[in-house]
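In my numbering, the protein residues as written are 35 to 222. In this text, a Cβ means the ideal position worked out from N, Cα and C, and glycines have one as well. Report on the following structure.
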């Protein structure tokens, strides 16, 4: 499938996209303190990210602060001028994130692995012009990853970034998520 995908974020040539912030937004104080510390470093960042919906592998673990975290991200943007992003997994997440002005949306590995979930997000994005980052699925399946990209692209989104977060492996490894660099290269 031929796609005309553009860079999801404008940035100077030869500089990687810098995304920083807590993996999981646990409290407003934690999110704001993290943003303050980053601002005080004086480095240029492209996105401040914080996960507010955390689909965990097993129940009874912290699954994110939820919708309340959107207000915290909005506050980060207003206070520090950072563009903000968070992971979305369904229609309601998309609509609420757009309502508060989240700058970039993010599909996580556990969403990317499910074509039904990706299509639900894609349908919610029809008619919206927003950059979307798509993490690889949890298993090393380049076709599944490409399918997620195609579904988002077919919804009219052309500013798409792919995120190689590594893959789940059975047994002990030195990385939590093992990189499969050839798959990241193949996705191009």
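Quickly, what does DSSP pair residue i with across the bridge? List them, please.
i, result
"residue 167", "140, 195"
"residue 121", "140"
Using alpha carbons as the reference points, say which of the options lies closest to residue i.
i, options, result
"residue 85", "55, 193, 110", "55"
"residue 102", "90, 148, 120, 165", "120"
"residue 168", "99, 157, 205, 180", "180"
"residue 197", "208, 115, 206, 166", "166"
"residue 216", "146, 200, 89", "200"
"residue 81", "172, 195, 60", "195"
"residue 139", "208, 37, 104, 96", "104"
"residue 132", "145, 39, 44, 158", "158"
"residue 100", "112, 182, 127", "127"
"residue 15", "151, 113, 115, 116", "Any property of residue 15 remains undetermined from this structure, which presents the chain solely from 35 to 222."
"residue 118", "112, 136, 130, 129", "136"
Per DSSP, what kind of secondary structure is residue i in: helix, strand or coil?
i, result
"residue 175", "coil"
"residue 158", "helix"
"residue 213", "coil"
"residue 189", "coil"
"residue 219", "helix"
"residue 146", "helix"
Please work out which residues of its chain come closer than 7 Å, Cβ to Cβ, to residue i, disregarding the five sequence neighbours upstream and downstream, and give them in chain order.
i, result
"residue 68", "55, 56"
"residue 175", "none"
Quick check: does the Cβ of residue i come within less than 8 Å of any heavy atom belonging to the ligand ATP?
i, result
"residue 164", "Although the ligand ATP was asked about, the structure shown includes no ligands whatsoever."
Spatial neighbours of residue i within its chain, please: CB distance less than 6 Å, with the 5 preceding and 5 following residues excluded, ordered by chain position.
i, result
"residue 156", "185, 186, 189"
"residue 58", "85, 88"
Starting from the C-beta of residue i, find all residues in its chain whose C-beta is less than 8 Å away, skip the five residues before and the five after it, and write them out in chain order.
i, result
"residue 134", "104, 105, 107, 108"
"residue 178", "146, 147, 149, 171"
Length-filtered (4 minimum) alpha helix (DSSP H) runs lying within the segment 35-119: Listed in chain order, the complete alpha helix (DSSP H) runs (minimum 4 residues) inside the segment 35-119 are 62-75, 102-114.
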